[in-house]
Structures are given as structure tokens and as C-alpha cells.
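Okay, so here's the structure we're looking at.
Number of protein chains: 2
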Amino acid sequence: MDNLTEMLKGTLEGCVLEIISGEETYGYAITRRLNELGFTDVVEGTVYTILVRLEKNGLVQVAKRPSGVGPPRKFYTLNDAGREELARFWAKWEYITSRLDKLREGGR
Amino acid sequence: MDNLTEMLKGTLEGCVLEIISGEETYGYAITRRLNELGFTDVVEGTVYTILVRLEKNGLVQVAKRPSGVGPPRKFYTLNDAGREELARFWAKWEYITSRLDKLREGGR
DNA sequence: GCTACTACTTAGTGGCACTGTATAGTGGTA
DNA sequence: TACCACTATACAGTGCCACTAAGTAGTAGC
Numbered sequence: 469m470d471n472l473t474e475m476l477k478g479t480l481e482g483c484v485l486e487i488i489s490g491e492e493t494y495g496y497a498i499t500r501r502l503n504e505l506g507f508t509d510v511v512e513g514t515v516y517t518i519l520v521r522l523e524k525n526g527l528v529q530v531a532k533r534p535s536g537v538g539p540p541r542k543f544y545t546l547n548d549a550g551r552e553e554l555a556r557f558w559a560k561w562e563y564i565t566s567r568l569d570k571l572r573e574g575g576r
Numbered sequence: 469m470d471n472l473t474e475m476l477k478g479t480l481e482g483c484v485l486e487i488i489s490g491e492e493t494y495g496y497a498i499t500r501r502l503n504e505l506g507f508t509d510v511v512e513g514t515v516y517t518i519l520v521r522l523e524k525n526g527l528v529q530v531a532k533r534p535s536g537v538g539p540p541r542k543f544y545t546l547n548d549a550g551r552e553e554l555a556r557f558w559a560k561w562e563y564i565t566s567r568l569d570k571l572r573e574g575g576r
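Quick mapping for you: the protein sequence lines, in order, are chains A and B. If you read the first sequence in the working numbering, its first letter stands for residue 469, the second for the next number, and so on. If you read the second sequence in the working numbering, its first letter stands for residue 469, the second for the next number, and so on.
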């Protein structure tokens, strides 16, 4: 699927939060996971900038641990603020999808 | 619903295309329609910038006509390119919603 | 030593929704 | 006639976010 960039704004960060909420994980693995899920054009650089932002905004806890197959990994987990943000994300997502459905049906 | 701005990027333009595809209409009325649909914080300025962009990108036909209750109105209709863009918009929207659903279910 | 894979960093770019201000036509009312 | 409310468009500037691109580094196989 071509050129999803604009439509991903605001949602890709939510996807990353959701992935982290499922299990403690790190940037490189999150990128692979997004690619698997169908976000095939998302690259490491994009994910790392999101992770930096999440940390700056105090939504995640970070732990650096050696890898064995490469440089050390930075593992992320959600804290309470992160879980709240994730809940807000899904609430917004449902809100927008319901409006779009209504619009598409020509709903009055 | 608070602060949908980022999530609306790329979708608000699609909403405007969809509204125009339903009937020939103009900026002020499109804004009212979006407000009715639940996009309560969208204001005229936002819609006008989208309309200017649509025209610049050759997706709409424009006709200026007097109003009777105020300044003249600029009526917009989709041309072939506009209808194609609208179809692409809904294709992208379905793609993204399906991926998000999959992610939310923890889908593998 | 070279290549491939893993893994993180960061400065810069472009697009989009949004803000704020300006202009202008019509109608009501005091 | 002065003021206000509603209708209607225009446009310069802002901020956020995904993306680009180039770099550094560790491990393993040849």
C-alpha cells in the first residue's frame, strides 16, 4: 500500500505503545513486528524517533541489556502514564472510525 | 473528544472529498457538515486550506455563485481525478483499519 | 579484511491540521 | 447610523509527526 505516511500520523505512535504493552521489547524488534503486521515501509529510524519521544514524555521505562548477537538492546515497558495514553489512543481511534463509518454511509 | 489533530492528518482531506462527492457544496457548508458529523473542533480556516489544496492538485471543479444571504460562495465538485483520489483514500483507510484491528487482537 | 545482520542515534525535510487575523455581504435592532 | 450576528472566503505563520539519510557499533561467517 502506497504512501500511508499522512494517515499514519498519530496512529503509528499508538501502534508502538500497543506493541510495548503486550511485552517488554526493543526498537529493532518493534520495527520487525510492524513490518509483519503490514506496515511494510516502516523503518528503524521512524521507530527510534517515536521511542525517544515516548521516553521524553515519560510514558515508558527503559532498560539496557546486552544482546549476544549484536549491540546492547534498549528494552521498553509501559508505565502507568503510558497505559493511560494507550487507552486514550484507542478511545480516539474508535471515535474517528465511528465518524468515518457514519460519513461513508452518508449518515445524517 | 480532545486533541484529534494528529490522527486527522490525511483523513480530514478524505472526509472533505467524500462530502463533495455526495453533492456540490462550498467551504462554509462543509465545515458545518463536519461539525454535525462529530468533528466538532474543525473550523473554517482548516477546511479552506484543504479546498485550496484540492484545487491546486486538480481534484475538483470550482464555480463561484452569489448567495443571497452573504458573500458569494465557491461551489466544489469532484472531477475524475478527485473520484480516483477518493477511492484511493478509502482503500488506504480500510488497509490501516484492518492492520489496527489485527494489532489490537494481538494478531500474529 | 569483507560482508551481512543486528541495533541504536540524530540532524534535517515535508506535509498536514490548526491558529489568528483580515475582509466583506446581508439583515435585524436600537 | 451605528452596532451586532451570521454568512463566507483568504492567507501568513506554527507545531507536530512520519520520514530521510547518514553515521556508529557489536557479532558471526567466509
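Idealized CB from N, CA, C, for every residue including glycine. In this text the structure is predicted, and so the values were computed from the model without any measurement.
Asked                                                                                                                     : Found
DSSP-derived helix/strand/coil call for residue 571 of chain A                                                            : helix
Best match in A:555, A:543, A:472, A:567 for proximity to residue 516 of chain A [C-alpha to C-alpha]                     : A:543
Proximal residues to residue 595 of chain B (C-beta, below 6 angstroms), its chain only, five neighbours per side dropped : Outside the modelled stretch of chain B, which goes from 469 to 576, sits residue 595 of chain B, for which no answer is possible.
Minimum Cβ-Cβ distance from residue 494 of chain B to chain A less than 9 angstroms                                       : no
Residue 507 of chain A, DSSP secondary structure in three states                                                          : coil
Buried versus exposed, by CB contacts within 10 Å (16 or more), residue 511 of chain B                                    : exposed
Residue 571 of chain B CB to nearest heavy atom of the ligand MN below 8 angstroms                                        : Inclusion of the ligand MN in the displayed structure is not the case, the ligand content being empty and no account of it being possible.
Residue 418 of chain B in three-state terms, based on DSSP                                                                : What the structure shows of chain B is the stretch from 469 to 576, and residue 418 of chain B is not part of that stretch, so it cannot be assessed.
9 angstroms Cβ cutoff, residue 514 of chain B in contact with chain A                                                     : no
Beta-carbon gap between residue 498 of chain B and residue 475 of chain A smaller than 9 angstroms                        : no
Alpha-carbon spacing of residue 546 of chain A relative to residue 572 of chain B, whole angstroms                        : 16 angstroms
Spatial distance of residue 495 of chain B from residue 557 of chain A (CA atoms)                                         : 30 angstroms
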